[in-house]
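Student:
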Amino acid sequence: MIITLYLLLIPFSNAFVPFIDGGKGIPKLYEGYFNEQIAKQASSALSRAIGAGKTKIEIQLPPVPNVEEVRFGTPLNQKFGKGVIVKDLKIKGGYTPGSEVSRQLIGYSNVYWAKKLAGAATSKRSNCVSILTSEPINFASIQSMGGLTRSGKVMSDKARKETRNNECIICVNPGGEETWDRLFSAHTAPGNPFVVLNNAYSTSYDLGNKRGYEEAYYLKRISKGWVYRSFPGNWEAYIEKPDGSCELLESYKTKPLLREVSTLVREESFKRYAINNDRWTQGFGGRL
Numbered sequence: 016m017i018i019t020l021y022l023l024l025i026p027f028s029n030a031f032v033p034f035i036d037g038g039k040g041i042p043k044l045y046e047g048y049f050n051e052q053i054a055k056q057a058s059s060a061l062s063r064a065i066g067a068g069k070t071k072i073e074i075q076l077p078p079v080p081n082v083e084e085v086r087f088g089t090p091l092n093q094k095f096g097k098g099v100i101v102k103d104l105k106i107k108g109g110y111t112p113g114s115e116v117s118r119q120l121i122g123y124s125n126v127y128w129a130k131k132l133a134g135a136a137t138s139k140r141s142n143c144v145s146i147l148t149s150e151p152i153n154f155a156s157i158q159s160m161g162g163l164t165r166s167g168k169v170m171s172d173k174a175r176k177e178t179r180n181n182e183c184i185i186c187v188n189p190g191g192e193e194t195w196d197r198l199f200s201a202h203t204a205p206g207n208p209f210v211v212l213n214n215a216y217s218t219s220y221d222l223g224n225k226r227g228y229e230e231a232y233y234l235k236r237i238s239k240g241w242v243y244r245s246f247p248g249n250w251e252a253y254i255e256k257p258d259g260s261c262e263l264l265e266s267y268k269t270k271p272l273l274r275e276v277s278t279l280v281r282e283e284s285f286k287r288y289a290i291n292n293d294r295w296t297q298g299f300g301g302r303l
C-alpha cells in the first residue's frame, strides 16, 4: 500500500517541486506566464541578488507574451490581460475592448510583475517596497497592490518627497540607462535596493546594461531563440524549435555580446531547419 502511494505521488512531486522557486533554466514558454513560473524565477533571483548585497539591479523580461504584437491584441495577450492581470490586480472595469487596461496592457502588466517581486525585495536594509513608473498608469483603478506600499511617477516632486529610508524602489521603464544613477540618487536612500524593471529600450544596443546594474533576471527574445540569466548563474543562449520548445546551445560565465549569441542561435536554426523555423508563418514553423 505504501509503495503504491509513493509511486502515485512521484508524478505530482516532479510537477510541483521545480515550481517552488520556478526551477532552473529558461521557463516554459508561454506557460510560464500563466502558472507563475516566470514570477517565481524572477523573485528568487532578485532575493538572491539582494541577499548578496547588490543594491543596483536590473530585471528584464517580456512583460506580456508576444510583446511585439501587443498593439494588435493577439489571443495570448488578451488571455494574459483578462486571466492574469485584471484578476490579480483587481482592476476596476476589467478588460474590455477599448478599456484602459487593454490599451495600456504593458504598463499594467509591469505593475503586476512589480507586485510579484515585492515579497523578494524586502531585506534587512529595506522592509517596504514601492513602485515608480514612467508609464501612463491609473493606480486608482488598481484595487490589489500586494506588497507595494507606495506608487508614483518617476522623478515627480511627490515621489521624491515621499522617499523613505528603509525602502526598496522598483522603477519601471525609467528610460535610457544614462539616467539610472540620477534616478537612484533621487529616489533611494543610501544602501537601499533600486530595481530597474523592464526598461523598454536599450541605449547600449546590447545585452543588459553598461552601468554596473546586476542583471539578476534576464529573459530576452532574439532571432530564433532566447537569452536567459538568473543570478548568480551563467548567461545562456537557447534555440527555439518549431514546436515552441527551447534547447540550450551555449552557457557563458560572463555576459556575452548580443551579436555573438544572435549569430550562434540564428546559424544553428538555419542549419537544422533552414527556413522552416519562422514562428509567424504557417507552414514554415508558424506557431503564433
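Residues in the sequence shown are numbered consecutively from 16, following this note's numbering. C-beta: ideal position from N, C-alpha, C; glycine also.
Just grab the DSSP bridge partners of GLY167 for me.
Tutor: LEU147
Student: Between the C-alpha atoms of SER219 and THR269, what's the straight-line distance to the nearest angstrom?
Tutor: 17 Å
Student: Which one of CYS183, ALA201, GLN119 and LYS102 has the shortest CA to CA distance from GLN158?
Tutor: LYS102
Student: Quick one: residues in its chain with C-beta nearer than 7 Å to the C-beta of ARG236, no 5 flanking neighbours on either side, listed in chain order?
Tutor: PRO77
Student: Would you kindly work out how many angstroms separate the C-alpha atoms of ILE107 and LYS286, rounded to a whole number?
Tutor: This sequence places Lys at residue 107; Ile is not what is there. Distance between the alpha carbons of LYS107 and LYS286: 50 Å.
Student: In three-state terms, what does DSSP make of GLY240?
Tutor: strand
Student: Around the Cβ of LYS39, are there at least 16 other Cβ atoms within 10 angstroms (buried) or fewer (exposed)?
Tutor: Exposed, by the Cβ-count rule.
Student: Going by alpha carbons, who is nearest to GLU177 out of VAL144, GLY96, ASN188 and GLY191?
Tutor: VAL144
Student: Would you check if the distance between the CB atom of ASN188 and the CB atom of GLU150 is smaller than 8 Å?
Tutor: Yes, Cβ-Cβ distance for ASN188 and GLU150 is below 8 Å.
Student: In chain order, what residues of the same chain lie with their CB nearer than 7 Å to the CB of ALA174, ignoring the 5 residues before and after it?
Tutor: Sequence-distant partners of ALA174 (beyond 5 residues in either direction) whose C-beta falls short of 7 Å from its own C-beta, in its chain, are LEU147, GLY167, LYS168 and HIS202.
Student: Unbroken beta strand (DSSP E) runs of length 3 or more, entirely within the stretch 61–94: which are they?
Tutor: For the stretch 61–94, whole beta strand (DSSP E) runs of length 3 or above, ordered along the chain, are 71–75.
Student: What do you get for TYR216, buried or exposed, if any count of 16 or more other CB atoms within 10 angstroms of its CB means buried?
Tutor: Burial call: exposed.
Student: According to DSSP, GLU182 sits in a beta bridge with which residue or residues?
Tutor: CYS143
Student: Cα separation between MET170 and LEU198?
Tutor: 7 Å
Student: Which residue wins for smallest C-alpha separation from VAL211, given the options LEU222, GLY190 and LYS130?
Tutor: GLY190
Student: For a quick check, are the C-beta atoms of ALA136 and ILE185 less than 8 Å apart?
Tutor: yes
Student: In or out: PHE209 buried (at least 16 other Cβ within 10 Å) or exposed?
Tutor: buried
Student: From GLU192 to ILE121, what distance separates their C-alpha atoms?
Tutor: 20 Å
Student: Quick one: which unbroken beta strand (DSSP E) runs of 3-plus residues sit fully inside the stretch 202–273? Chain order, please.
Tutor: 209–212, 229–237, 240–245, 250–255 and 261–267
Student: If the criterion is Cβ atoms closer than 8 Å, does the pair ALA57 and PRO247 meet it?
Tutor: Going by C-beta atoms, ALA57 is not nearer than 8 Å to PRO247.
Student: If you reduce the DSSP assignment to three classes, tell me which class ILE53 lands in.
Tutor: helix
Student: Taking the alpha carbon of ILE74 as the point to measure from, which residue in ASP172, LEU272 and GLY227 has its own alpha carbon closest?
Tutor: GLY227
Student: Can you tell me whether LEU272 is buried or exposed, with buried defined as 16 or more other CB within 10 angstroms of its CB?
Tutor: exposed
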